[in-house]
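Take a look at the structure below.
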Amino acid sequence: MIDLKEVTKTYRTKTGSITALDNISLSVKSGEIMGIIGTSGAGKSTLIRCVNLLERPSKGHVKVDGQSLCDLSPSALRTSRRHIGMIFQHFNLLSLRTVFDNIAFPLELTGMSKDDIHQKVTSLLDLVGLENRGQHYPSELSGGQKQRVAIARALAGDPKVLLCDEATSALDPQTSLSILNLLEQIRDQLGITILLITHDMQVIKHICDRVAILEHGKIIEENTVAEFFTAAKTDIAKEFIASSIRQDLPKELAQRLQTESTDKNAPVIRLWFHDESTSQPIIAGTCQRFHVDINILQANLEYIHHRPVGIMIIKIEGEDDNINNAIKHLKALEIKTEQLGYITHHVI
Amino acid sequence: MLFELAHATWETLYMTLLSGVIGSIVGVPLGIVLFCTGNPKLWKNTLAYRTLGAIINITRSIPFIILMIAVIPLTFLIMGTSIGTTAAIVPLSLAAMPFIARLIEAALHEVDKGLIEAASAMGATAMQMITKVLLPEAMPSIINALTLTLITLVGYSAMAGAIGGGGLGALAINYGYQRFNTTVMIETVILLIFIVQVIQMLGDQLSKRLLAKR
């Protein structure tokens with residue numbers, strides 16, 4: 003649905019040129035929610051603006067729904083843009099228009115009749131859950147409600163693609179979650195394709211099917227969200243994951259980790275559970291079968307894209323042979339294991 | 305004397321309002337063009353922007369009393385006379401145009417850039433952007449700008465009295481200053497204050513009513 007091919011964007015400044023986007027190729031399938039995450043200054047907002055040509059790429063091609071946008075005349079581009087919805091961090095609503103008239107705005111631009119506009123806007127207000135707010139002004143709404151208006155406005159032209167520019171960054175976590183749920187509901191109901199940019203891992207975790215990491219204008223990693231969380235390759239990806247999931251030992255314990263095995267310490271292992279394995283009594287089973295004691299140092303269960311992912315850090319104590327067999331057994335299971343080191347017995 | 309005061313008040317209002325309207329008819333579009341040629345999302349044109357800006361700066365820096373005399377040939381050409389209330393409308397309008405243009409440009413600059421971007425993403429033409437986004441969103445500031453212009457014109461129109469322009473300014477000079485009639489002087493000043501107050505009040509109310517929505 004969205005295809006970027008070798009997109010490069012350079013800005014000329016007084017001191018030289020800055021490359022905001024460096025040879026980016028990216029494709030988003032129809033009906034997919036793709037998230038692009040990056041720190042500020044990574045080029046996220048330039049990238050999303052290249053999709054509807056608010057920023058024109060210096061090089062490369064942009065295709066949306068099979069149409070190559072860079073080749074279009076200005077008026078053909080305007081027509082295409084009407085089928086690409088966009089929402090923004092600061093909502094960008096017209097302050098002197100009511101909610102109703104804000105949603106009607108893109109329809110007015112196309113010269114739609116008043117009756118048709120009325121019908122369309124009413125159904126959009128329903129869709130975003132603002133049935134009774136039509137005659138209010140944006141200043142009378144909360145941030146979440148404003149973003150709902152903006153979403154309704156973006157959907158007015160029946161777009162196939164919705165671009166979200168940090169759409170939840172100005173909202174509190176709870177409101178942010180409700181907006182994300184709305185976006186997902188819209189995708190499910192209307193089959194719309196969503197490309198979003200964010201610096202917040204929660205957004206990726208909550209609704210994205212796929213994720214790409216942007217750093218210094220380059221996509222350095224791209225994966226499905228489920229695999230991304232368990233098999234991140236780059237350091238930046240790992241940092242983002244660490245920022246959203248507690249997966250390391252508490253500092254007090256981490257400082258006491260030893261690298262060598264002695265008879266006074268026991269191995270510390272990190273386990274990643276997925277889906278079914280989260281609901282099985284793996285720890286208890288291992289204890290019974292191999293006659294070892296398992297101490298849980300840290301445990302966490304997260305939902306990533308509605309699928310449970312568990313992270314547990316354990317210490318295994320017992321006879322050496324039993325410990326080795328237990329570790330072998332865990333590694334053979336459908337869970338990811340990582341040995342972090344050894345820790346002395348008396349710590350806990 | 306009462307008749308003269310009433311007549312002079314009428315002349316002042318006539319000069320102020322008419323030159324305000326004529327000044328706006330030219331000044332508002334000029335301000336819009338100035339803003340648009342300076343904006344990369346609209347009709348960015350550095351040459352046009354700089355040229356217009358220079359012309360506006362030059363006309364604005366000419367003191368009104370000099371401008372009034374300098375444009376006498378033009379006034380004569382347009383009005384058929386270079387003295388009287390109607391004649392004063394020409395220099396007053398000319399002075400108002402660049403003044404309004406700059407104020408409108410400033411008012412448009414206050415509109416959130418995000419709105420221009422959003423409208424652009426929705427496929428708005430430049431014209432739709434101006435009529436449906438920029439002007440409505442800037443309306444409270446535009447009203448303030450026009451209020452300020454009218455009040456400035458009240459002051460200028462009094463100056464026009466000095467070269468036979470009529471209005472309260474002429475009355476103050478002819479009766480108050482040259483004939484040492486302090487009463488008339490005070491009366492005209494009070495009337496001028498009153499006119500300024502009323503214009504300011506109306507402008508404030510209008511823009512406040514719009515701002516209440518924001």
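Protein sequences, first through last, are from chains A and B. The first sequence lines up with residues 3 to 350 when you count with this note's numbering. The second sequence lines up with residues 305 to 518 when you count with this note's numbering. Don't be surprised by glycine CBs; every beta carbon is placed ideally from N, CA and C. Quick caveat: nothing in here was measured; it's all calculated off a predicted structure.
Test item: CB-CB of residue i and residue j under 7 Å
i: Ile50/A; j: Leu165/A; result: yes
i: Leu154/A; j: Leu109/A; result: Reading off the sequence, residue 154/A comes out as Ala, not Leu. No, these two residues do not count as a Cβ contact at 7 Å.
i: Ile326/B; j: Ser397/B; result: yes
i: Met431/B; j: Gly331/B; result: no
i: Thr313/B; j: Leu506/B; result: no
i: Thr453/B; j: Phe380/B; result: no
i: Pro269/A; j: Ile221/A; result: no
i: Gly343/A; j: Gln260/A; result: yes
i: Ile26/A; j: Val9/A; result: yes
i: Lys65/A; j: Asp5/A; result: yes
i: Arg248/A; j: Asn302/A; result: yes
i: Asp211/A; j: Ile86/A; result: no
i: Ile408/B; j: Gly473/B; result: no
i: Ile238/A; j: Ile215/A; result: yes
i: Gly40/A; j: Glu217/A; result: yes
i: Phe339/B; j: Leu419/B; result: no
i: Glu414/B; j: Ser445/B; result: yes
i: Gly45/A; j: Gly219/A; result: yes
i: Thr288/A; j: Ala334/A; result: no
i: Arg83/A; j: Asn54/A; result: yes
i: Met443/B; j: Leu515/B; result: no
i: Lys207/A; j: Ile306/A; result: yes
i: Asn326/A; j: Phe292/A; result: no
i: Thr341/B; j: Ala352/B; result: yes
Residue i, buried or exposed, once every other Cβ within 10 Å from all chains shown has been counted against 16
i: His308/A; result: exposed
i: Asn94/A; result: buried
i: Ser386/B; result: buried
i: Glu223/A; result: buried
i: Pro344/B; result: exposed
i: Ile350/A; result: Confidence is the limiting factor: at Ile350/A the pLDDT is only 48, short of 50, which leaves the residue's position unreliable and the question unanswerable from this model.
i: Phe307/B; result: exposed
i: Met305/B; result: exposed
i: Val502/B; result: exposed
i: Leu290/B; result: With chain B covering 305 to 518 only, the question about residue 290/B has no answer from this structure.
i: Tyr460/B; result: buried
i: Asn361/B; result: exposed
i: Asn267/A; result: buried
i: Lys61/A; result: exposed
i: Ile1/A; result: This structure does not reach residue 1/A, given that chain A is present from 3 up to 350, and the question cannot be answered.
i: Leu323/B; result: Checking the displayed sequence, the identity of residue 323/B turns out to be Ser instead of Leu. Its Cβ being crowded by 16 or more others within 10 Å, Ser323/B is buried.
i: Ser115/A; result: exposed
i: Pro59/A; result: buried
i: Thr486/B; result: exposed
i: Ala158/A; result: buried
i: Asp384/B; result: Per the sequence presented here, residue 384/B reads as Gly, with Asp not at that position. When all chains shown are included, Gly384/B counts as exposed.
i: Tyr479/B; result: buried
i: Ser77/A; result: exposed
Nearest-angstrom beta carbon gap, residue j and residue i [assumed within contact, 8 Å]
i: Asp67/A; j: Lys162/A; result: 5 Å
i: Met433/B; j: Leu346/B; result: 7 Å
i: Val458/B; j: Thr316/B; result: 7 Å
i: Ala476/B; j: Gly465/B; result: 7 Å
i: Phe102/A; j: Ala422/B; result: Not confirmed; about 17 Å, so no contact.
i: Gly145/A; j: Leu173/A; result: 5 Å
i: Lys11/A; j: His63/A; result: Between His63/A and Lys11/A the Cβ distance is about 13 Å, and since that is not below 8 Å, they are no contact.
i: Ala428/B; j: Leu79/A; result: Not quite, the Cβ-Cβ distance comes to about 12 Å (not below 8 Å), so this is no contact.
i: Ile283/B; j: Met489/B; result: Chain B is shown from 305 up to 518; residue 283/B falls before or after that span and cannot be answered.
i: Ser328/B; j: Leu450/B; result: 7 Å
Would you mind listing the alpha helix (DSSP H) stretches within the segment 315-400 of chain B that are 4+ residues and don't spill past its ends, in chain order?
Listed in chain order, the alpha helix (DSSP H) runs fully inside the segment 315-400 of chain B are 350-365, 368-374 and 376-383, counting runs of at least 4 residues.
Inter-stretch contact at 8 Å, needing at least 3 Cβ pairs: the segment 243-257 of chain A / the segment 197-217 of chain A:
Taking one beta carbon from each stretch, the segment 243-257 of chain A and the segment 197-217 of chain A have 3 or more pairs nearer than 8 Å; the two touch.
Count the CB pairs spanning the segment 25-38 of chain A and the segment 186-202 of chain A that are closer than 8 Å, and state whether there are at least three.
Three or more Cβ pairs drawn from the segment 25-38 of chain A and the segment 186-202 of chain A lie within less than 8 Å of each other, which places the two stretches in contact.
Length-filtered (4 minimum) alpha helix (DSSP H) runs lying within the segment 434-474 of chain B:
Taken in chain order, the unbroken stretches of alpha helix (DSSP H) that lie wholly in the segment 434-474 of chain B and span 4 residues or more are 439-464.
Across the segment 131-140 of chain A and the segment 84-101 of chain A, are there enough close Cβ pairs to call them in contact, namely three or more that are closer than 8 Å?
Segment contact: the segment 131-140 of chain A against the segment 84-101 of chain A, three or more CB-CB distances shorter than 8 Å; contact assigned.
Would you mind listing the beta strand (DSSP E) stretches within the segment 260-305 of chain A that are 3+ residues and don't spill past its ends, in chain order?
Annotation: the segment 260-305 of chain A contains the following complete segments of the beta strand (DSSP E) (minimum length 3 residues), in chain order: 267-276.
Per the contact definition of three or more C-beta pairs closer than 8 Å, is the segment 327-340 of chain A in contact with the segment 275-290 of chain A?
As far as the Cβ criterion goes, the segment 275-290 of chain A touches the segment 327-340 of chain A, which means the pair count is three or higher.
Which full runs of the beta strand (DSSP E) of 3+ residues lie inside the segment 117-192 of chain A, going along the chain?
Listed in chain order, the complete beta strand (DSSP E) runs (minimum 3 residues) inside the segment 117-192 of chain A are 163-167.
Counting pairs of Cβ atoms below 8 Å between the segment 186-195 of chain A and the segment 166-178 of chain A, do you hit three or more?
Contact between the segment 186-195 of chain A and the segment 166-178 of chain A is absent, because fewer than three Cβ pairs lie under 8 Å.
Unbroken beta strand (DSSP E) runs of length 3 or more, entirely within the segment 52-104 of chain A: which are they?
List check, beta strand (DSSP E) in window: 61-66 and 86-89.
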